[in-house]
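K.L.:
Structure incoming, see below.
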Amino acid sequence: MNIRAVHTEDADRIRRIMKVAFEDEYRRMGQKQTRLPTMTDQLLGYYLDRTPEYSFVAEKKGGAVGFCLVCRWGTTAWMGPIAVLPPAQGTGIGRSMVEASIAALRDTGITTLGLETMPRSYRNLQFYSRLGLNFEQLTLDLSRVYRNGSEVDDGGERQRLELVSLADGMGAEQESALRAVTAISDLVSPGLDYRSEVELTGSHRLGDTILAFLDGTPVGFTIFHTEPYAKEEIHGTVRINTLLLAPPSGGEDTLDRLLESMITGLEKRFVASGFDAIIFRVPVRYRSARNILLRRGFAINHSDVRMTCDDLPEADRPGVIHLSKWE
Ligand SMILES: CC(C)(COP(=O)(O)OP(=O)(O)OC[C@H]1O[C@@H](n2cnc3c(N)ncnc32)[C@H](O)[C@@H]1OP(=O)(O)O)[C@@H](O)C(=O)NCCC(=O)NCCS
């Protein structure tokens, strides 16, 4: 067995391994629905483009049998998806690939390293625990479907944030927006930097980034995807994968008011543009985010568990909001 860096030409094989391995695991977990939707070329291309230098493929004579993809945002990195073809499982391939990614990342100055996995897969919980990862928290998907006449609550509009889309800005404006993304990320967690994620989301045409301004100063942003993830999926869902808020001052009350204002603004904007579903990814540590969304009619419809390496935990500053997806 040989472990090597991932190439874009691995795309079809990776899609195949992922389908077979995850469907097998869903069956093992006793799920009724075991079919894994077919990932679009667009989403797979974006995954493979993220950080190929830390992402690996395991090969045997007949070709690739496993892969471990990695994503890095400044000093924060996470692994996923990871899969091994079922007949090759249990022989150390998964462990070797994950260890290769961790080793490649360790000396590069990262301070946070982890992954998200299915909380009901005891096999995965065991696998990652034996690799030295610890449980941090659940991450939830909270979603809402809008039908004709669905109302968007205006409650958050009292403290108004101005929301500006990156796609609307040109040249110098885009550069200053990207600098704001770096600065806000660093305020949320030192060294964290979502700039590459913003650029990749734009270049792969998966979605866009919206900056939030308070009295003319950028205090937050969201990176969202509007393109379907699966070939079977119909256009119309917005996935808010990342949302950061780091206001200069104010207590929890101010933070919650700003968050509600941002959520209100996003809901209104996306519903007005004709989208019929919005999904927020919420690490449960950010309780107010979950509570605001529940109050606004969102429902929990998916959970993962986030795990991190013992010596590389998450370390957000107090007084911020950091919604993120490691998947
Ligand atoms: C999770 C997965 C990548 C692990 O890969 P793998 O090649 O089977 O794992 P390894 O053979 O390297 O096993 C590593 C450890 O897990 C343990 N393990 C393997 N199979 C196991 C099983 N059925 N039950 C419990 N532990 C198991 C091994 O004992 C080994 O422990 P050790 O090295 O400390 O002795 C693979 O099972 C898979 O593709 N699963 C389906 C897709 C999935 O769920 N991916 C992860 C999503 S986050």
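Using numbering that gives the first Met the number 0, read the sequence shown as starting at 0 and increasing by one per residue.
Every residue gets a Cβ at the ideal spot worked out from N, C-alpha and C, and that includes glycine.
In terms of residues, what are the limits of the beta strand (DSSP E) holding Q30?
P.N.:
Per DSSP, Q30 belongs to no beta strand (DSSP E) and is neither H nor E.
K.L.:
With hydrogens ignored, establish whether the beta-carbon of L137 is closer than 8 Å to any heavy atom of ligand 1.
P.N.:
Checking the Cβ of L137 against ligand 1 gives no.
K.L.:
Can you give me the start and stop residues for the alpha helix (DSSP H) that A102 sits inside?
P.N.:
First-last of the alpha helix (DSSP H) with A102: I92 to R105.
K.L.:
Where does the unbroken alpha helix (DSSP H) through G264 begin, and where does it stop?
P.N.:
Looking at the DSSP string, the run of the alpha helix (DSSP H) that includes G264 is E251 to A271.
K.L.:
Closer than 8 Å: is that where the CB of M117 sits relative to any heavy atom of ligand 2?
P.N.:
Only ligand 1 can be found as ligands here, which leaves ligand 2 out of the picture.
K.L.:
Ligand 1 and A76: does the residue's C-beta get closer than 8 Å to at least one heavy atom of that ligand?
P.N.:
For ligand 1, not one heavy atom lies less than 8 Å from the Cβ of A76.
K.L.:
Would you identify the three-state DSSP class for T181, choosing helix, strand or coil?
P.N.:
Three-state result, T181: helix.
K.L.:
Rounded to a whole number of angstroms, what is the C-alpha to C-alpha distance between L47 and Q125?
P.N.:
So the alpha carbons of these two residues sit roughly 27 Å apart.
K.L.:
From A99 to E326, what does the alpha carbon distance come to, in whole angstroms?
P.N.:
A99 and E326: Cα-Cα distance of roughly 19 Å.
K.L.:
With 16 other CB atoms within 10 Å as the buried threshold, where does H321 fall?
P.N.:
The residue in question, H321, is buried, as its Cβ has 16 or more Cβ neighbours within 10 Å.
K.L.:
For F66, which residues from the same chain have a beta carbon less than 6 Å from its beta carbon, with the 5 sequence-adjacent residues on both sides left out?
P.N.:
Excluding residues within five positions, the ones whose Cβ falls inside 6 Å are I13 and V56.
K.L.:
Is Q125 near ligand 1, judged by its Cβ being under 8 Å from some heavy atom?
P.N.:
Because some heavy atom of ligand 1 lies under 8 Å away, the Cβ of Q125 counts as near it: yes.
K.L.:
Kindly identify the DSSP beta-bridge partner or partners of A82.
P.N.:
Paired residue(s): F66.
K.L.:
Can you grab the Cα-Cα spacing for the pair C308 / A271, in whole Å?
P.N.:
Cα to Cα, the separation comes out at about 42 Å.
K.L.:
What separation, rounded to the nearest whole angstrom, lies between the Cα atoms of A87 and V19?
P.N.:
Answer to the nearest angstrom: the Cα atoms are 12 Å apart.
K.L.:
Shortest alpha-carbon distance to F223 belongs to which of G215, L139, T236 and L213?
P.N.:
The shortest Cα separation from F223 among G215, L139, T236 and L213 belongs to T236.
K.L.:
Using CA coordinates, which residue listed in V304, G108, G113 and P80 is at the minimum distance from P312?
P.N.:
Of the candidates V304, G108, G113 and P80, the one whose C-alpha sits nearest the C-alpha of P312 is G113.
K.L.:
By a C-beta neighbour count over all protein chains shown, 10 Å radius and 16 as the cutoff for buried, is D303 buried or exposed?
P.N.:
D303 should be labelled buried.
K.L.:
I'd like to confirm the pairing. Which residues does DSSP put opposite D303 in its beta bridges?
P.N.:
Its beta-bridge partners are T138.
K.L.:
Would you say the stretch 210 to 226 touches the stretch 253 to 273, given that touching needs at least three Cβ pairs under 8 Å?
P.N.:
The stretch 210 to 226 vs the stretch 253 to 273: in contact.
K.L.:
Which two residues bound the contiguous beta strand (DSSP E) that contains T200?
P.N.:
No beta strand (DSSP E) contains T200, which is instead part of the alpha helix (DSSP H) from R194 to S202.
K.L.:
Tell me which same chain residues have a C-beta within less than 8 Å of the C-beta of I16, skipping the five on either side of it?
P.N.:
Same-chain partners within the cutoff: A63, V64, G65, F66, A82, V83 and L84.
K.L.:
Hey, could you find the ends of the beta strand (DSSP E) N147 is sitting in?
P.N.:
Run containing N147: none; DSSP gives neither H nor E here.
K.L.:
Going by DSSP, what residues sit across from G215 in a beta bridge?
P.N.:
According to DSSP, G215 bridges with nothing at all.
K.L.:
Return yes when at least one heavy atom of ligand 1 lies under 8 Å from the C-beta of T216, else no.
P.N.:
Flag unset: Cβ of T216 not near ligand 1.
K.L.:
Kindly identify the DSSP beta-bridge partner or partners of F279.
P.N.:
Answer is L141 and I239.
K.L.:
Ligand 1 heavy atoms versus the CB of F21: any closer than 8 Å?
P.N.:
Yes, the Cβ of F21 comes within 8 Å of a heavy atom of ligand 1.
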